[in-house]
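Visitor:
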Ligand SMILES: Cc1cc2nc3c(=O)[nH]c(=O)nc-3n(C[C@H](O)[C@H](O)[C@H](O)COP(=O)(O)O)c2cc1C
């Protein structure tokens, strides 16, 4: 019997997967101050032990203020590299490749976890670094009528966020990840720049289709350069 295509190797640039089963990134809401826990080792590890070709770890935030919830994984500091490497090493021992998704929640940051209702949080939520958890977006337009109005990033700050994606990619590389994915969907920061509703900027990052795509393209270029 011939081997079904699903179970044959797949090469993408320099990466060869042992089969074509890829686990989509799935947020676990279980990090502690951005750090992975044994839950993440178990979750990525069980798919790897099951024999998939690639496990993509969840949307991991490139800036503290980009965290959607208190349980988001982080890559905004070198301190995250070693704990992530532990997971990478385990997945590799199983013969599986592992990637990580890079993200920023933009105006959808600072919310409760799904099982806590997912609503916007206030300072009474008790996080010790509330002031660092600022809502930023392309424009000062709330995600909906129940959400707070974010602060519009200045043009210079947009460039700094692009660099944060690049630095996070470099850290992912140091942790041993085989690939990274950029989260450009679901109404989060990259998607907010693409949207003519969320993005009403008048600089080079807003207005025309080409201008609204500029942030996503610069992020992709900076991630690849790193
Ligand atoms: C619990 C859960 C967490 C998710 N977290 C992410 C995420 O971090 N990043 C992302 O891009 N998609 C996330 N998704 C979406 C999935 O990756 C996937 O795109 C979605 O489940 C649709 O896949 P399907 O068409 O194969 O069913 C999540 C989905 C679930 C169920």
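In the working numbering, the protein residues as written are 689 to 914.
C-beta atoms are modelled at their ideal positions from N, C-alpha and C, and glycine is treated no differently.
On a predicted model such as this, the values are computed, not experimentally measured, just so you know.
(1) Please look up how many angstroms separate the CB atoms of residue 836 and residue 823, rounded, as I've assumed it's under 8 Å.
(2) Between the stretch 855 to 872 and the stretch 785 to 793, are three or more C-beta pairs nearer than 8 Å?
(3) Taking residue 876 as the reference, which of 847, 765 and 755 has the closest Cα?
(4) Kindly examine ligand 1 and report whether one of its heavy atoms sits closer than 7 Å to the Cβ of residue 842.
(5) In the DSSP assignment, the alpha helix (DSSP H) including residue 744 goes from what residue to what residue?
(6) Looking at the structure shown, is residue 770 part of a helix, part of a strand, or coil, going by DSSP?
(7) Using only the heavy atoms of ligand 1, determine whether one of them is closer than 7 Å to the beta carbon of residue 714.
(8) May I have the straight-line CA-CA distance separating residue 784 from residue 732, to the nearest angstrom?
(9) Take residue 808 as the anchor and find which of 884, 883, 781 and 758 has the nearest alpha-carbon.
(10) Note the first and the last residue of the continuous alpha helix (DSSP H) segment covering residue 785.
(11) Does any heavy atom of ligand 1 sit closer than 7 Å to the C-beta of residue 728?
(12) Check whether the Cβ atoms of residue 722 and residue 761 lie closer than 8 Å to each other.
(13) Any contact of the stretch 732 to 741 with the stretch 763 to 773, i.e. 3+ C-beta pairs under 8 Å?
(14) Whose CA, out of 832, 745, 752 and 830, lies closest to the CA of residue 864?
(15) As an exercise, report each continuous beta strand (DSSP E) stretch of at least 3 residues that is fully enclosed by the stretch 777 to 855, in chain order.
(16) Is it buried or exposed for residue 845, if we count other Cβ within 10 angstroms and need 16 for buried?
(17) Consider the C-beta atom of residue 873 and the heavy atoms of ligand 1; say whether any pair is separated by less than 7 Å.
(18) Measure from the alpha carbon of residue 829 to the alpha carbon of each residue in 888, 816, 752 and 905, then state which is nearest.
Guide: Here's the rundown:
(1) Here residue 836 refers to the residue found at position 148 of the chain shown. Here residue 823 refers to the residue found at position 135 of the chain shown. About 6 Å; that satisfies the 8 Å criterion.
(2) Yes, since at least three Cβ pairs between the stretch 855 to 872 and the stretch 785 to 793 fall closer than 8 Å, the two stretches touch.
(3) The residue given as residue 876 occupies position 188 in the chain shown. For the options 847, 765 and 755, the alpha carbon positioned closest to that of residue 876 is the one of 755.
(4) In the chain shown, counting from the first residue as 1, residue 842 sits at position 154. Not under cutoff, so the answer is no.
(5) On the chain shown, residue 744 is found 56 positions in, with the first residue counted as 1. Taken as a continuous stretch (DSSP letters only), residue 744 belongs to no alpha helix (DSSP H), being part of the beta strand (DSSP E) at 742 to 749.
(6) Your numbering for residue 770 matches position 82 in the chain shown. Three-state result, residue 770: helix.
(7) For the purposes of this step, residue 714 is taken as residue 26 along the chain shown, with counting starting at 1. True, at least one ligand heavy atom lies under 7 Å from that Cβ.
(8) Within the chain shown, the letter at position 96 stands for residue 784. Within the chain shown, the letter at position 44 stands for residue 732. C-alpha separation (whole angstroms): 10 Å.
(9) By one-based count along the chain shown, residue 808 stands at place 120. Checking every option, the nearest Cα to that of residue 808 belongs to 758.
(10) As a working note, residue 785 is residue 97 in the chain shown. In this chain, residue 785 is not harboured by any alpha helix (DSSP H); it is covered by the beta strand (DSSP E) spanning 785 to 791.
(11) Numbered from 1 along the chain shown, position 40 holds the residue referred to as residue 728. Not so, every heavy atom of ligand 1 lies at least 7 Å from the Cβ.
(12) Walking along the chain shown from the start, residue 722 turns up at place 34. Walking along the chain shown from the start, residue 761 turns up at place 73. Yes, Cβ-Cβ distance for residue 722 and residue 761 is below 8 Å.
(13) Contact between the stretch 732 to 741 and the stretch 763 to 773 is absent, because fewer than three Cβ pairs lie under 8 Å.
(14) Locating residue 864 in the chain shown gives position 176, where the first residue counts as 1. Measuring from the Cα of residue 864, the nearest candidate turns out to be 745.
(15) The qualifying runs are 785 to 791.
(16) Working through the chain shown from its first residue, we reach residue 845 at position 157. Classification of residue 845: exposed, given that the 10 Å Cβ count is below 16.
(17) Along the chain shown, one-based indexing puts residue 873 at 185. Yes, ligand 1 has a heavy atom inside 7 Å of this Cβ.
(18) Mapped onto the chain shown, residue 829 falls at position 141. Residue 888 is the option with its Cα nearest to residue 829.
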